[in-house]
Each structure stands twice: as C-alpha cells, then as structure tokens.
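Here the sequence shown is numbered in our numbering, starting from 1248 and rising by one per residue. C-beta atoms are modelled at their ideal positions from N, C-alpha and C, and glycine is treated no differently. Owing to the predicted nature of the structure, the values given are computational and were not obtained by experimental measurement.
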Amino acid sequence: MTGVDELLEEKRISMKDIQIWGGEIEENELKEFISKWVFSDMQYRIIETVKEIILTRDNIDIKPDIIERIRIFGRGGDLDLRRNSSRFIWRYIGKNHLPQNIEGEDFWNKNPSAKFFVEEKEALLWGKYNKNMKQWHDDRVARAKLLYQVNGNPERVKICYKTFSE
C-alpha cells in the first residue's frame, strides 16, 4: 500500500459530523448578530480593529465602525467575521446549529457529498512569560501586547487546533 492509499483510507468527516454555515450582515447588524450566539464552548476571542488586535476571553464593547475582523472560537466551533466595505462576511464551523433568527447558507445544501480530512495540529504562540515585566514578551514583536488567557504563568503557550482539507 502506498502513502497515498493510506491517506485516502483515513477517516473523513461529512455533513453528519459538523455544521458549516456562512453569510453576510451589514455593519449596523454586527452587535445584534453576535448577541444571538451562545458562546459557552467558544470562549476565545480575537478582535482586530483598525489600531490593534486583542486576544481575550472577555466580552468586549464592540464598535462596528473600527472592527476589521472578529474570531470567536473554542471546542464548540469557530465563528469568523471579516469586514468587506460596510458589510461583514461570516462563516461558522462547529458542532451546533445556527441560533434562531440568523439567516445563513448551509454549506451542505450545495455540497452534500463533500468530505474532509481532519488534521490535529499545535503551535507555540509568540513570546515567553517575563516575570520581571509581569507580561508575555517577544523581542521580534516588542510593541505587541501579548495577552494570553492561561491559568498560571507557564513559560510558553501552546495552542491545539484542527484543520480541514479535502
């Protein structure tokens, strides 16, 4: 058996395993759109504005006019919103169905036979915890506010995530 044959025999996920949705909203609908979601299993947020990127577990006051991108993720799924002029294009990949009153396009309606390989990956985040500075720091991005939401003060932070490919 060749390496290609082994890869093709790996388990793949399909429409019964995961939800994939997407759509567009207007800038003035952003706050209401986000308020409809339950994020109990999606506790991490990356908020990119015109002036900074914030990594947090906290809900923050969203000012739609300066938001470039929002990513809310965790074990329950991944919600990604990206600015496109005065609109946001969003997509959700996760275990749960969409909240009520959110209109979106179900990926599986147009692609019912699609299957994806799932690869589990890990990466070290930038910086080490500097006890003297009492913060995360890396000389390569010295001005960046490295705010990692972890328990305690480990020397490094590793994230684990999954990628999907056809």
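A direct Cα-to-Cα measurement between E1295 and R1330 gives close to 10 Å.
Classified as buried, L1326 has 16 or more neighbouring CB atoms from the shown chains inside 10 Å of its CB. Judged by beta-carbon spacing, R1292 lies beyond the 9 Å limit of R1322, meaning their Cβ atoms are not closer than that value.
Rounded to whole angstroms, the separation of the alpha carbons of K1392 and G1374 is 10 Å.
Excluding the 5 residues flanking it on each side, R1316 has same chain C-beta neighbours closer than 6 Å at E1295, R1329, in chain order. The residues G1269, D1327, in chain order, have a CB closer than 6 Å to that of R1338 in the same chain once the five nearest residues on each side in sequence are set aside. F1280 and G1324 have their C-alpha atoms spaced approximately 16 Å apart. Judged by their CB atoms, E1413 and F1363 are nearer to each other than the 9 Å cut-off. Counting only residues of its own chain and dropping the five nearest sequence neighbours on each side, N1379 has no CB closer than 6 Å to any other CB. Contact between T1410 and K1357 does not hold, since the beta-carbon distance rounds to 22 Å and is not under 8 Å. Put simply, the region 1343-1362 touches the region 1273-1290. At least three CB pairs are less than 8 Å apart. Distances from the alpha-carbon of D1312 to those of G1341, V1297, H1384 put V1297 closest.
Excluding residues up to 5 positions away in sequence, M1289, Y1291 lie with their Cβ nearer than 6 Å to the Cβ of F1320 in the same chain. Of the candidates I1340, N1306, R1334, E1276, I1340 places its Cα closest to the Cα of I1267. When only Cα atoms are considered, I1309 and I1260 end up about 34 Å apart. Minimum Cα-Cα distance from I1265 among the listed residues F1354, K1278, A1389, D1386 corresponds to F1354.
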